[in-house]
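Residue numbers (the working numbering): 41 to 159. Read the structure below first, then the notes.
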């Protein structure tokens with residue numbers, strides 16, 4: 041559990057490095073049947089920023105936590121990129137897609153934590 045929370049913290053730091061906005065962690069550790077222990081959800085303003093955030097998360101986590109993702113999906117269009125670390129899944133969205141899919145409310149019994157923007 042501590043290792044997973046440490047991974048979440050590294051992911052959040054990497055997102056903040058690239059100025060991701062509206063970062064939310066979703067703790068699903070107490071939910072039966074959840075697909076992972078945590079989601080980290082954030083957004084970027086453009087596909088270029090989304091790609092930069094996703095690339096930095098992968099590079100930073102590899103360097104700092106020695107973890108590699110199982111898969112990274114969505115980089116081609118960079119409108120919604122998913123990075124799967126097994127116990128943690130990262131979602132990097134364009135704001136309009138994040139609003140449309142509304143992932144935070146799909147897991148209403150989970151514990152959500154909004155991370156303040158750094159700017």
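Glycine included, each C-beta is placed from N, C-alpha and C at the ideal position.
Only exposed fits residue 156, as fewer than 16 other CB atoms lie within 10 angstroms of its CB. When DSSP reads this structure, residue 152 sits in a beta bridge with 66.
Rounded to the nearest angstrom, the Cβ distance from residue 47 to residue 141 is 23 Å, too far for a contact under 8 Å. DSSP places residue 99 in the uninterrupted alpha helix (DSSP H) bounded by 87-105. Proximity of the segment 51-59 to the segment 88-108 meets the contact definition, three or more beta-carbon pairs being nearer than 8 Å.
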